[in-house]
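Sequence positions in the sequence shown follow our numbering and run 392 to 1436.
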Amino acid sequence: MSDSIPLQPVRLKKIHDSKQRSGCCGWCCGGRDFKPRTVWLGHPEKREHKYPRNVINNQKYNFFTFLPGVLFNQFKYFFNLYFLLLACSQFVPDLRLGALYTYWAPLGFVLAVTVIREAVEEIRCYVRDKEVNSQIYSKLTVRGTVVVKSSNIQVGDLIIVDKNQRVPADMIFLRTSDKSGSCFIRTDQLDGETDWKMRLPVGCTQRLPIAADLLQTRSYVYAEEPNLDIHSFIGTFTREDSDPPINESLSIENTLWASTVIASGTAVGVVIYTGKEMRSVMNTSHPKNKMGLFDLEVNCLMKILFVALVVLSLVMISLQHFRGRWYLHLFRFFLLFSQIVPISLRVNLDMGKMVYSLMIRKDSKIPGTLVRASTIPEQLGRISYVLTDKTGTLTKNEMQFRRLHLGTVSYGMDSMDEVESHVFSAYTQTPALQDKPPSTAPKIRKTVSVRVHEAVKAIALCHNVTPVYESHGPDSTDRAEAEQNYEDACRIYQAASPDEVSLVQWTECVGLTLVGRDQSSMQLRTPGGHILNFSILQVFPFTYESKRMGIIVKDESTGEITFYMKGADVVMMGIVQYNDWLEEECGNMAREGLRVLVVAKKSLTEEQYQDFETRYNQAKLSVHDRSLKVATVIESLEMEMELLCLTGVEDQLQVDVRPTLELLRNAGIKVWMLTGDKLETATCTAKNAHLVTRNQDIHIFRTITNRGEAHLELNAFRRKHDCALIISGDSLEVCLKFYEYEFMELACQCPAVVCCRCAPTQKAQIIRLLQQRTRKLTCAVGDGGNDVSMIQAADCGVGIEGKEGKQASLASDFSITQFKHLGRLLMVHGRNSYKRSAALSQFVIHRSLCISTMQAVFSSVFYFASIPLYQGFLVIGYSTIYTMFPVFSLVLDKDVKSEVAMLYPELYKDLTKGRPLCFKTFLIWVLISIYQGGIIMYGALLLFDSEFVHAVAISFTSLILTELLMVALTIQTWHWLMIVAELLSLSCYIASLVFLHEFIDVYFIITLSFLWKVTVITLVSCLPLYVLKYLRRRFSPPSYSKLTS
């Protein structure tokens, strides 16, 4: 085999900017372009434009468009339109074959089910929307505080939002009742993250004596145009009536987006966006309805049956030699054989999907599992690739501090008592020594004790964690007392990341405790109980782009100003002073499976800080390119920082991850791990979780930047056989740019693939490439907001409710609580759903083909006359009360017990090839239908004596009994409801014979002649199939039959 890869450039796809996508909302709002706005406080009448009403509307239809909209959505599909045309044709006298209800009743039933389902969903949606729109809020006006409904709030209104109340519109935060001067909000309904976020009011409005004073000022907010980005905001606040006028920059920290909830204190804000211009509404996307592969295959079979219907009708006309008005006869044959394409198939399959969804929700072995997309449960039975996130999915996202590395010395969990003793000694020295800044003696090498103390102090100060004190008693005074006394038992930590909390909890364990924090200060408690006060001068939050966070604090006791920073090693290496150990130790800690952060500091003089603050404030007041200007100013500080330490926290594996991954591997499913974490950590987790087995080779794709390097590396990779692939996001992007086909071909041959440093868009791109290149079904599993695009792109999206919130769960098709539940979801419910739907669909087709074959035989015998064999209620009853319950009971059938399916995942492999529903099985059922329909009709014509009505009675009774016996033949594991369905249908038929005297001779059916003729025909039609089933089981048993004994 040649090692060379032909150089074939790949055409790049256009990537649209997110701001362009907001144009859809512009269309919704009347087609105008979004523009920045000036909003005067408390004066909605001064608005520049007419803004949308503050109404939430998630309904698809209104009162007038409901029925036309639902009917249009039904009849835009060919087969529904086909059945409508057939039913309408019965109004033409020359085409009428019987009673109108023969065709209209089945169609009406299908439409009624659809309309009722849509109506229920619309009513539920309307009630939810009305509840939200009717919520009551307080509004500040010149007449005092008035009550206003959420739907009546306008841009410029001053709204008061109480604790635990939903924010009704996008607002700028002006005042808070919390004495800390800030408030916390819960954003889980906006971005899916469960951690509280801190928000800061505008400085000059917070300083006003009372909230009513807001109306006495001449102030306005300049806000950027509405857009999709919930993580950023650019604006300014101006107060004109002060001397001099006050200008303050506004950022995301000053906003209260709609759908968030106030978690502490009472907030007052000015409304800047309402209705369809709110961030939460603009980010509400209705993902496309996923159509399962099974449904596409059934549609394909329906098209084949439709062609058969056309051909059969043409054959009948041609055998008549196109005599007379042949086109009318052609249409009449269309009507006679219309049951070849069964209208009941879609209803049966949809009801079956509802049953499968109910079974998944009711399964006690996977508690908390939800089905959000009930249209694709069969997809779970044919998955070939599982693509999973790492943090929070394979791991718990519960961080535990494991290692502190200072370069020359490393402290693990077994030596934390040494760290504690160093911290204790640092704060029990004489005050003169303790307060003396280390920077005064730069030439003296610092002792280990000093270095440990500096590292712990930096970790205790450099974060966004806030201690919150919860009361344990019924009175609110308990909370105030606990906060005043810094009681450890009442304190919990709130932060945007569990990593941050684990670091602060560790500093508490070694003696330096974070006991208080507000907008401008922070308090630490030393081992001796002394409180250290620090002023917070600036905070630079962590972002996914910067991969670092920083803080500038001033020690109140010494006046020393220090800039602390921590971040990922890839960015911190260029910020800290030169050293020879950082890169090596980061790699070593990552190989242990630890998440590594680099901590550094820089001491600033008062003059240096004042110069920085001036430039920083100027950059923040800029409206254009603010982010770039602010980043440039901050980067001027990020030079030659002193490296203090490395921290390593461990994210433990979820329960039963290893056996679940082994189960998937044995089922023939390949597992790919897509993570934003670094290469070493991802590799270690892959080995720890046994995603990569111990005896498996690993090929780590080296970093590449251009086409030539990609060509060489792909050739090197091609020489490897049966090895796991580990590749970074940057290298992956280069490979997909130049050698998309070749890379995917090689990657799909690997037993496991790990993509690290992977962006959310790359995750979705990989899924789409797998779908295009392999034509196999994919399942994406994730727990965070960064996994949503991957989950929505996959054939089956599975979301886990985890530490990162509910965003992935809400966007998924199936929601689970633990990764281990995925095994049972696929092996048991996915397998059963697919096999049951395959059996159900083929049996419904068999039922319709049987009666169509009988009609064809009848017409052929009687000189190709276009006359119906059965009329009126017989046609409707055949597909409904006589056979519906036994046929539908196939949704309860199973070939093996769930315990066996979990014990032998190899049974799952057969399903990925689509064998339960393929052209072979379809052809077998077609032949069975033709054989049985022909036997029943010819037998009835041969055995009836005098009146043709006797032939109708014999053939129809034999047909019903044949269907019931065929259901019994198909069933593999009997359920008591199946027996009830069989007996109920037989009883309904026998009882209805009394009322069918118009079609059946009641006196004839109680004779012995009728009984023996029906018995003979039924035995001839069914007995050979029972014999064939026994012989097949005896000499060529299916794989699962060996496990059922």
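Note that CB positions come from ideal geometry on N, CA and C, so glycine has one too.
Assuming N384 is part of the beta strand (DSSP E), what are its boundary residues?
Given a span of 392 to 1436 for the chain in the structure shown, any question on residue 384 remains unanswerable.
Please return the same chain residues whose Cβ sits closer than 7 Å to the Cβ of K992, not counting the five positions on each side in sequence.
Residue numbering aside, residue 992 sits at position 601 when the sequence shown is read from its first letter. Within the same chain, K992 has close Cβ partners A849, T953, F954, Y955, M1032, E1033 and L1035.
I think R1148 touches L985, with their Cβ atoms under 8 Å apart; what is that distance to the nearest whole Å?
Position 757 of the sequence shown holds residue 1148. Position 594 of the sequence shown holds residue 985. Not quite, the Cβ-Cβ distance comes to about 17 Å (not below 8 Å), so this is no contact.
With S1346 and I1319 assumed to form a contact (beta carbons below 8 Å), what rounded beta-carbon distance in angstroms separates them?
If you number the sequence shown from 1, residue 1346 lands on position 955. If you number the sequence shown from 1, residue 1319 lands on position 928. Incorrect: roughly 17 Å between the Cβ atoms, too far for contact.
Name the one or two DSSP bridge partners that D946 has.
Position 555 of the sequence shown, counted from the first residue, corresponds to residue 946. According to DSSP, which records beta bridges pairwise, D946 is partnered with F925.
Taking Cβ positions, are L1201 and I1207 nearer each other than 8 Å?
Position 810 of the sequence shown holds residue 1201. Position 816 of the sequence shown holds residue 1207. No.
Let's see if you can read the secondary structure: which residues bound the alpha helix (DSSP H) around D1088?
In the sequence shown, the residue the question calls residue 1088 occupies position 697. Looking at the DSSP string, D1088 is not in any alpha helix (DSSP H); the run it does join, the beta strand (DSSP E), is D1088 to I1091.
Just to confirm the assignment, what range does the beta strand (DSSP E) spanning S529 have?
For the purposes of this step, residue 529 is taken as residue 138 along the sequence shown, with counting starting at 1. Segment I527 to T532, the beta strand (DSSP E) holding S529.
Measuring straight from C-alpha to C-alpha, what distance separates S1224 and P889?
Position 833 of the sequence shown, counting from 1, holds the residue named residue 1224. Position 498 of the sequence shown, counting from 1, holds the residue named residue 889. Cα to Cα, the separation comes out at about 38 Å.
Which residues bound the alpha helix (DSSP H) around F1276?
For the purposes of this step, residue 1276 is taken as the residue at position 885 of the sequence shown. Bounds of the alpha helix (DSSP H) holding F1276 are M1275 to F1279.
Identify the continuous alpha helix (DSSP H) that holds W717 and give its terminal residues.
Residue 717 sits at position 326 when you count from the first residue of the sequence shown. Counting along the chain, W717 sits inside the alpha helix (DSSP H) bounded by residues W717 to L727.
Per-residue DSSP class, three states only, for N445
For the purposes of this step, residue 445 is taken as the residue at position 54 of the sequence shown. Reduced to three states, the DSSP call for N445 is coil.
Considering only their Cβ atoms, is the gap separating I1118 from L778 smaller than 8 Å?
Your numbering for residue 778 matches position 387 in the sequence shown. Your numbering for residue 1118 matches position 727 in the sequence shown. At a Cβ-Cβ threshold of 8 Å, L778 and I1118 do not count as neighbours.
Based on DSSP bridge pairs, tell me the residues matched to Y860.
In the sequence shown, the residue the question calls residue 860 occupies position 469. For Y860, the beta-bridge partners assigned by DSSP are R882.
Let's see if you can read the secondary structure: which residues bound the beta strand (DSSP E) around S1378?
Counting from one through the sequence shown, the residue named residue 1378 turns up at place 987. Counted as a single uninterrupted DSSP element, the stretch harbouring S1378 is not any beta strand (DSSP E) but the alpha helix (DSSP H) occupying residues W1367 to S1383.
What residues are listed by DSSP as bridge partners for C595?
Position 204 of the sequence shown, counted from the start, is the residue given in the question as residue 595. Here C595 is not bridged, per DSSP, to any residue.
If you run the structure through DSSP and keep just helix, strand and coil, what is R939?
If you number the sequence shown from 1, residue 939 lands on position 548. R939: strand per DSSP, three-state reduction.
Provide the residue span of the alpha helix (DSSP H) that contains W972, from first to last.
Numbered from 1 along the sequence shown, position 581 holds the residue referred to as residue 972. No alpha helix (DSSP H) contains W972, which DSSP labels as neither H nor E.
Other residues of its chain near K1300: CB distance less than 8 Å, five sequence neighbours each side excluded
In the sequence shown, residue 1300 corresponds to position 909, counting from 1. Only A1058 and G1059 meet the Cβ criterion.
Could you round the C-beta distance between S1280 and M1369 to whole angstroms and report it? I think they count as a contact, below 8 Å.
Taking the sequence shown and counting its residues from 1, the one referred to as residue 1280 is at position 889. Taking the sequence shown and counting its residues from 1, the one referred to as residue 1369 is at position 978. That pair is a contact at about 4 Å.
Rounded to a whole number of angstroms, what is the C-alpha to C-alpha distance between T627 and R598?
The residue labelled residue 627 in the question sits at position 236 within the sequence shown. The residue labelled residue 598 in the question sits at position 207 within the sequence shown. If you take the alpha carbons of T627 and R598, they lie about 17 Å apart.
Three CB pairs or more closer than 8 Å across the stretch 508 to 517 and the stretch 433 to 443:
No, the stretch 508 to 517 is not in contact with the stretch 433 to 443.
For S655, the nearest candidate out of N674, S640 and V558 (CA to CA):
Sequence index remark: in the sequence shown, residue 655 carries index 264 (1-based). Of N674, S640 and V558, the residue nearest in Cα terms is V558.
For the stretch 1035 to 1046 against the stretch 1102 to 1118, do three or more pairs of beta-carbon atoms, one drawn from each stretch, fall closer than 8 Å, so that the two count as touching?
These segments do not touch.
Backbone secondary structure at W1403 - three-state DSSP:
Numbered from its first residue, the sequence shown carries residue 1403 at position 1012. Helix at W1403.
Which residues share a DSSP beta bridge with Q914?
Walking along the sequence shown from the start, residue 914 turns up at place 523. In the DSSP output, where bridge partners are listed per residue, Q914 has G907 and N924.
Within the stretch 722 to 764, ranges of the alpha helix (DSSP H) (whole runs, at least 4 residues):
The stretch 722 to 764 contains these whole alpha helix (DSSP H) runs: 735 to 753.
Euclidean distance between Cα positions of V962 and C1146
Position 571 of the sequence shown, counted from the start, is the residue given in the question as residue 962. Position 755 of the sequence shown, counted from the start, is the residue given in the question as residue 1146. For V962 and C1146, the gap between their C-alpha atoms comes out near 20 Å.
CB R577 to CB V672, shorter than 8 Å?
What you label residue 577 is simply residue 186 of the sequence shown in a count that begins at 1. What you label residue 672 is simply residue 281 of the sequence shown in a count that begins at 1. Annotated as distal: R577 and V672, with beta-carbon spacing of 8 Å or more.
Under 8 Å by Cβ, that's how I've got P443 and G666 pegged, so tell me the actual separation to the nearest angstrom.
Here residue 443 refers to the residue found at position 52 when the sequence shown is read from its first residue. Here residue 666 refers to the residue found at position 275 when the sequence shown is read from its first residue. Taking a contact as a CB-CB distance under 8 Å, the pair P443 and G666 counts as one, their CB atoms being some 3 Å apart.
Exposed or buried, P1050, counting other C-beta atoms within 10 Å across all chains shown (16 or more means buried)?
The sequence position of residue 1050 within the sequence shown is 659, counting from 1. Only exposed fits P1050, as fewer than 16 other CB atoms lie within 10 angstroms of its CB.
Beta strand (DSSP E) segment containing Q1043, residue limits:
Sequence index remark: in the sequence shown, residue 1043 carries index 652 (1-based). In the DSSP assignment, Q1043 falls within the unbroken beta strand (DSSP E) covering E1033 to L1044.
In terms of alpha-carbon separation, which member of E789, I927, Y802 and H796 lies closest to L852?
The residue you call residue 852 lines up with position 461 of the sequence shown. Nearest Cα to L852 within the set E789, I927, Y802 and H796: I927.
In angstroms, rounded to a whole number, what distance separates the CA positions of F474 and V504?
Position 83 of the sequence shown, counting from 1, holds the residue named residue 474. Position 113 of the sequence shown, counting from 1, holds the residue named residue 504. When rounded, the distance between both Cα atoms is 16 Å.
Quick check: the Cα distance between T904 and F815, rounded to an integer number of angstroms?
As a position in the sequence shown, residue 904 is number 513, starting the count at 1. As a position in the sequence shown, residue 815 is number 424, starting the count at 1. A direct Cα-to-Cα measurement between T904 and F815 gives close to 12 Å.
One or two residues paired with N638 in a DSSP bridge
Counted from its first residue, the sequence shown places residue 638 at position 247. T629.
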